[in-house]
Amino acid sequence: MIDYTDNLQNTPILAIKGVTKTFPGVTALADVSFDCMAGEVHALVGENGAGKSTLLKILSGAYRPDQGTLALHGRDVIFRHPSEAQAAGISIIYQEFNLLPDRTVAQNIFLGREPMRGPFVDQAAMRHQTAALLDSLNVAIDPAAMVGSLRIAQQQVVEIAKALSLKANIVLMDEPTAALSLHEVDHLMTLVRRLKARGITILYISHRLDEVFAIADRVTILKDGHWVTTRPLAEVTRHDLVRLMVGRELDTYFPSKAVTIGEPVLSVDHLFVSDFLKDISFTVRRGEIVGIAGLEGSGRTFLARALFGAERIGSGTLTLNGKTIHPHSPREAIDAGVGFISEDRKHEGLALGLSIRANMALPSLDRRQRLGWIAQSMERQTVTELSRSLEVRAANEQVEAQYLSGGNQQKVVLAKWLATEAKLLIFDEPTRGIDVGAKASIHQLMRDLAARGVGVLMISSDLPEIIGMSDRILVMRNGSLVSEFMGADSSEQQIMQAATGTLSDERLAVAS
Amino acid sequence: MQGSTSTLGAVQRSPSPLDRLRRIPIIYIVLLIVLILIGLRNPNFYQPLALLAFLKRNAAIVLVTMGQMAVITAGELDLSVGALISVCAAVSAKVINNGEGTVLEAFAWVFGTGAVVGLANGILTTRFKVPSFVTTLGMWLIAQGTISIITRGAEIGGVTDDFRVFGRMNVAGTSIPIALVILIGVAAAGGILLYATTFGRRLYAVGSNPVAAALAGINVSRIKTIAFLMSSLSGALAAILLVGYAGVSSLTVGQGYEFQSISAVVLGGVALAGGRGSLWGAIAGALTLQALFALMNFLSLPLPIRLTVQGVIIIGAVAFASSRMKLGIRRT
Amino acid sequence: MGRPVNAAALATRLRDQGIFGILLLMVIVCVLFVPNFANHDNFVNILKRAVPLGLIAIGQTFVIVGGSLDLSVDVAISAIAVLTSLILNGRVENIVPAIAVALAVGLLIGLVNGLIVTKLKVNAFIVTLGTKLILQGILFSNFNNFAGKAPIEFDRLAYGDIAGIPFGVILMFALAATAFVVLRLTKFGHHLYAVGGSQEVARLSGVRTDRVLIGAHMLTGLGAGIAAIFIVSLLRSGGPHVGDGYDLDSITAVVVGGVPLAGGRGGVWGTIAGVLILAILSNLFNIFNIGAFAQQVLSGAVLILVVAVYSFRVRK
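Protein chains in written order, with the working numbering: chain A, 1250 to 1761; chain B, 20 to 351; chain C, 18 to 333.
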């Protein structure tokens, strides 16, 4: 571990000063400032949406900050393009690798910088240099192997080798262990230590606090786009981290919770899907809102899609209002009374080129037709009523969905499912990227629906929202339901601990 | 562009006449201009009989354009229709064979052929995930080859006058061509299908965003296959009209119809990517294209120059549309 | 993770090298079972007939590897053939200028295609369809029959031989070897594969994707020029329909040979194998007296089938 207190000449290799970045409707980063020291492993930690990925993208040159500067070796820099960051010695390894599966390891590493011998590419030199790189990392990968034939962990090594060949002195990693087995994680940790031994600075995002403690020298915590703290790992505990990551003043008001809870609307019994979701059982009762919390990749959306017929169910029973259902397709799910508000409203929730009316009417067309002939006035009426009750703000029903604000778009998505008179509505991140006013009305709507007897299942990464809205909270991790909390009694810390697996009395994670 | 602060349905102010003018899709204006130019060059074009003859002559291509519009709106492409028309012509001649077969039998065979091709296009594209331009290109080749297999090089019998009625004759006692009546009928049916039925809504949704459409419970494969069927069947009907009008003297009756229909559709403002554009625009595009060709005729330009015009239109229209999308310009 | 990886590797190997096995199998089966197949004259015949398609398919390989394609090659060949034939005008001294013009025009057509694809951002299918139509209009308006004449000396290209091997065949293999070197050993080739694999990844690595694609289109145009020259020698003249069919046939040969329509992998020897397979099939049709039009049916079916099989495997 590097001792910083003595060395007064220690200029940080990377300084982030007052960086702010906003997107329409949301502030991703607000005045974030901290330093990275040369040769340290610096972890970046925070909930989903805390701003970590955005920060990494700014460091790698993919985004430009709206305000603030970056400084390398004490000198201010501006990156207009990822290649400039690369030239400055910063390499980034994304979760979705930037590799060409149909080219060899050597060809991928040297793409754009092929060594030449006369007019030809020096393949031998490429192979040699690649082999040398891989050797220095102490991994056995054939430089002539096709990248597409490698395991994910090996592809990651290729990305790291690529960074090395670019003479990077700062390597950024975005959730590097998300897709690795325990064994492979160990290897990666060793690699990271090797990089550090060469004096390379590593800044990496991870949710897995075990790893953070195993490998990092210092940790920076971001929350809601704000910098919280930067500390040496030696000075914090796991509980400290979780406490600092979450925990806010509940300044948003949520609708009051359920008064009467009735019979089960949805019963899920021993659901197994693919190799991923294991033995999931829970119920949603009439009048209650059930929230599903968990880290990205824990299987929440997968579960939602399985309930909606968009993923093939391995085994298990689904019961909706007492009737067993087997949705093999979204059509069957919709006919059975299930609706799914996807988290990606632009690509999955709406046809952006179609009008508000067309979008709203789409899943429920069969309800307002005779022999295929659409009952136009009935449809107009439905659309108008829904728009009014949801307060959709647009000039008229013919406006194309692409011209609406995020909040209004989400309302159109909601409206279209309401028009199907669904008995169970699954919301995936219902208020992400939406302004406060629209958020409030969507929340109120969800509560009204629950009170009316519609089953409401809500996936959210927004802890205040989960706690404020849910009567019961289920936490998922690695494809299983690991905890259940009553909404009233839960705290952000408890939920985050369950999601990251740091509960004091946790069961050891079953080998996945 | 945000909506107003009032809720849905509240009208701010009535659009001014200039606004209304600006919202007319550009194809109608182009059509008007071309018609005017023709009139300047050859005023005889506007004699009612001449106009009706123009419409009769071009009923087939307008039909094919409508079918192509359905496929393109669904996000696909049908390059097989030209060869399909030729096959249908050969089939009709072979079945009728100077009177051996009846008109009804010929219809059954012709529409049957259309149905088979349409289904094949649909299944290959949706089930086997072959890109539609490859599927329909391959189908074009297969159809072309099949023509000679049907005729076996030898002379096949011609079609009877009974069969040719639809493409050639007028409604009894009037000067209105039957072909025009058929065209209007199909256009009306098409309009109803696209704008008043659930199928039409689903077709647009599939072309606009197939992922969202699937998640809304739409059977994307079925919709696309039906669109391919619509294109092939309109091709079969077009073949009947063409054989009526031109006889079976040449077995290349349908040649070039796929490119003409695509040019017309694109000219009419239908997005090549799918999900956007109107049937009426496509029809106007077809009429504009044929009017352009007529104009080129009157200007004594050589016949093949039509191909060049189509090529320029196809590239121009797509480049234009993609540049507008990039600038985020709204298109009514 | 052991088994799935092996299956994937096997499938990949099948795709990359399976075509040679199929070619070999075909030859063996034909030699054993088809009458009149296994003799010197027939083999030479097959190879000779494969040459024009081979020449243009080599060019088409470049654009498809890059993730693009060129539908205008048929009319490009015809137009260049007519032009070449006219310039030759039956005179020996015009041979060099005629060849120079042919190659230059080919490059020009490729340049125009490449520019429209990259700068106007219209997809290659539409662009080359459009240029095909544009060129057809101009060509057919001015020519409806063969024009110009090649001098006797020009025959050597299509009818001459070196040590018994037809000159055209040598040309085809020489061109294939050159193309192989360009694709595998030059920076341009490496970058072309990258662009075909993923334009985004290539761009992020600093590859000038526009230039690479324009270069690929120009090479395809060059291939059209070379094919046109050969055809003029073969037919002793050039006409507006001599190139017909080479658009789809060249794409079929490339795809059959293992280059996916999306690009990014495969090579020119696979294309040659594809060309030879198509040539053998055509030969079989002749031997069994099946009409030329039936070959069209086969071409269409083969194209669809091959793409379907490859799409299927990718989906898995």
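Just so you know, even glycine gets a beta-carbon here, dropped at the ideal spot from N, CA and C.
Where V153 (chain B) and I321 (chain C) are concerned, what is the direct C-alpha to C-alpha distance, given to the nearest angstrom? If you number the second sequence from 1, residue 153 (chain B) lands on position 134. If you number the third sequence from 1, residue 321 (chain C) lands on position 304. The alpha-carbon atoms of V153 (chain B) and I321 (chain C) are separated by roughly 7 Å.
Please list, in chain order, the chain A residues whose beta carbon lies closer than 8 Å to that of G214 (chain C). Here residue 214 (chain C) refers to the residue found at position 197 of the third sequence. Per Cβ cutoff of 8 Å: L1349, P1350, D1351 and R1352.
Our contact map puts Y327 (chain C) next to P277 (chain C) with C-beta atoms below 8 Å; I'd like the distance itself, whole angstroms only. Taking the third sequence and counting its residues from 1, the one referred to as residue 327 (chain C) is at position 310. Taking the third sequence and counting its residues from 1, the one referred to as residue 277 (chain C) is at position 260. Contact holds; Cβ gap of about 6 Å.
According to DSSP, simplified to helix, strand and coil, what is M1286 (chain A)? Locating residue 1286 (chain A) in the first sequence gives position 37, counting from the first residue. In this structure, M1286 (chain A) counts as coil in the three-state DSSP scheme.
Work out the CA separation of L1431 (chain A) and I1327 (chain A) for me, nearest whole Å. By one-based count along the first sequence, residue 1327 (chain A) stands at place 78. By one-based count along the first sequence, residue 1431 (chain A) stands at place 182. Their backbone Cα atoms lie some 38 Å apart in a straight line.
Which residues of chain A have a Cβ atom closer than 8 Å to the Cβ of G284 (chain C), listed in chain order? The residue you call residue 284 (chain C) lines up with position 267 of the third sequence. Ordered by position in chain A, no residue passes the 8 Å Cβ test against G284 (chain C), which lies about 12 Å from the chain.
Residue range of the alpha helix (DSSP H) that H1519 (chain A) falls in? What you label residue 1519 (chain A) is simply residue 270 of the first sequence in a count that begins at 1. Taken as a continuous stretch (DSSP letters only), H1519 (chain A) belongs to no alpha helix (DSSP H), being part of the beta strand (DSSP E) at P1513 to V1522.
Verify the CB distance criterion: does I161 (chain B) have a CB-CB separation below 8 Å to chain C? Along the second sequence, one-based indexing puts residue 161 (chain B) at 142. By this cut-off, I161 (chain B) is an interface position.
Out of C:I39, C:G71 and C:S222, point me to the one whose CA is closest to V271 (chain C)'s CA. Within the third sequence, residue 271 (chain C) is the residue found at index 254, counting from 1. Per the Cα distances, C:G71.
Which whole-angstrom value is the C-beta distance of G94 (chain B) and V225 (chain B), which I expect to be below 8 Å? Indexing the second sequence from 1 puts residue 94 (chain B) at position 75. Indexing the second sequence from 1 puts residue 225 (chain B) at position 206. That pair is a contact at about 6 Å.
Those residues which DSSP pairs with R1467 (chain A) across a bridge: The sequence position of residue 1467 (chain A) within the first sequence is 218, counting from 1. DSSP output for R1467 (chain A) lists A:H1291 and A:P1481 as bridge partner(s).
Inspect the CB distances between the stretch 1665-1681 of chain A and the stretch 1577-1594 of chain A and report whether three or more fall short of 8 Å. yes
Would K148 (chain B) pass as an interface residue toward chain C - the criterion being a Cβ-Cβ separation below 8 Å? Counted from its first residue, the second sequence places residue 148 (chain B) at position 129. So, interface residue.
Continuous alpha helix (DSSP H) stretch holding E1628 (chain A): start and end: Residue numbering aside, residue 1628 (chain A) sits at position 379 when the first sequence is read from its first letter. Segment Q1625 to L1639, the alpha helix (DSSP H) holding E1628 (chain A).
First through last residue of the beta strand (DSSP E) which encompasses Y1453 (chain A): Indexing the first sequence from 1 puts residue 1453 (chain A) at position 204. Unbroken beta strand (DSSP E) run through Y1453 (chain A): T1450 to I1454.
Look at the alpha carbon of V272 (chain B) and the alpha carbon of M158 (chain B), and state the distance between them as a whole number of angstroms. Your numbering for residue 272 (chain B) matches position 253 in the second sequence. Your numbering for residue 158 (chain B) matches position 139 in the second sequence. If you take the alpha carbons of V272 (chain B) and M158 (chain B), they lie about 17 Å apart.
For Y1343 (chain A), which residues of its own chain have a beta-carbon under 6 Å away from its beta-carbon, when the five flanking residues on both sides are left out? Here residue 1343 (chain A) refers to the residue found at position 94 of the first sequence. So the list reads D1423, once near-sequence residues are dropped.
Give the DSSP-derived three-state secondary structure of P1261 (chain A) in the structure shown. Within the first sequence, residue 1261 (chain A) is the residue found at index 12, counting from 1. It is coil, neither helix nor strand.
is_contact[V184 (chain B), chain A] using C-beta, thresh 8 Å: Your numbering for residue 184 (chain B) matches position 165 in the second sequence. No, V184 (chain B) lies away from the interface with chain A (no Cβ there is under 8 Å from its Cβ).
At which residue ranges does the stretch 1329-1405 of chain A contain complete beta strand (DSSP E) runs of 3 or more residues, listed in the order of the chain? 1339-1342
So, for E1296 (chain A): in the same chain, excluding its five sequence neighbours on each side, which residues have a beta-carbon less than 8 Å away from its beta-carbon? Counting from one through the first sequence, the residue named residue 1296 (chain A) turns up at place 47. Only K1472, M1494, V1495, S1710, L1712 and M1745 meet the Cβ criterion.
Which runs of the alpha helix (DSSP H) at least 4 residues long sit entirely within the stretch 151-227 of chain C? Give them in chain order. 172-176, 184-202, 204-214 and 216-221
If I measure Cβ to Cβ from G274 (chain C) and keep anything under 6 Å in the same chain, skipping five residues before and after, which residues do I get? Within the third sequence, residue 274 (chain C) is the residue found at index 257, counting from 1. So the qualifying residues of the chain are I36, G287, T288, A290 and G291.
Flag this pair as yes or no: are the beta carbons of S1547 (chain A) and N1418 (chain A) separated by less than 8 Å? The residue you call residue 1547 (chain A) lines up with position 298 of the first sequence. The residue you call residue 1418 (chain A) lines up with position 169 of the first sequence. Result no, Cβ atoms of S1547 (chain A) and N1418 (chain A) do not sit closer than 8 Å.
Consider the Cβ of V230 (chain B): report whether some Cβ of chain A lies at a distance smaller than 8 Å. Position 211 of the second sequence, counting from 1, holds the residue named residue 230 (chain B). True, the Cβ-Cβ gap to chain A drops below 8 Å.
Less than 8 Å between CB atoms is the rule here; does F339 (chain B) satisfy it with respect to chain A? Here residue 339 (chain B) is taken as the residue at index 320 of the second sequence, counted from 1. No, F339 (chain B) does not count as interfacial toward chain A.
Determine, using beta carbons only, whether A1555 (chain A) and L1599 (chain A) come nearer to each other than 8 Å. Position 306 of the first sequence holds residue 1555 (chain A). Position 350 of the first sequence holds residue 1599 (chain A). No. Outside cutoff.
Buried or exposed for L49 (chain C), please, with buried defined as at least 16 other CB atoms from any protein chain shown within 10 angstroms of its CB. Sequence index remark: in the third sequence, residue 49 (chain C) carries index 32 (1-based). That one is exposed.
Contact check, R1487 (chain A) vs G1511 (chain A), beta carbons under 8 Å: Here residue 1487 (chain A) corresponds to residue number 238 of the first sequence, with the count starting at 1. Here residue 1511 (chain A) corresponds to residue number 262 of the first sequence, with the count starting at 1. Contact flag unset, no.
Using a beta-carbon distance below 8 Å, is V48 (chain C) in contact with chain B? To locate residue 48 (chain C), count along the third sequence from 1; it is residue 31. Judged by the 8 Å Cβ criterion, V48 (chain C) is not in contact with chain B.
Tell me which residues share the same chain as A1403 (chain A) and place their Cβ nearer than 8 Å to its Cβ, disregarding the 5 neighbours each side in the sequence. The residue given as residue 1403 (chain A) occupies position 154 in the first sequence. Note that residue 1403 (chain A) corresponds to Gln in the displayed sequence, not to Ala. Result list for Q1403 (chain A): V1388 and I1390, in chain order.
Which listed residue (B:A78, B:I211, B:Y223 and B:T155) has its alpha carbon closest to that of M188 (chain B): As a working note, residue 188 (chain B) is residue 169 in the second sequence. When each option's Cα is compared against that of M188 (chain B), the closest is B:A78.
Quick test of the definition: if touching needs 3 or more C-beta pairs under 8 Å, does the stretch 244-261 of chain C touch the stretch 48-64 of chain C? no
Leaving out five residues before and five after I1708 (chain A) in sequence, what residues of the same chain have Cβ atoms less than 7 Å from its Cβ? Counting from one through the first sequence, the residue named residue 1708 (chain A) turns up at place 459. For I1708 (chain A), where only same-chain residues beyond five positions count, the Cβ hits under 7 Å are I1541, R1549, T1550, A1553, F1676, D1677 and E1678.
At a Cβ cut of 7 Å, what residues of the stretch 120-149 of chain B count as close to chain C, listed as they run along the chain? L143, F147, K148 and V149
Residue burial classification, M249 (chain B) (beta-carbon count within 10 angstroms, cutoff 16): Looking up residue 249 (chain B) in the second sequence gives position 230. Classification for M249 (chain B): buried.
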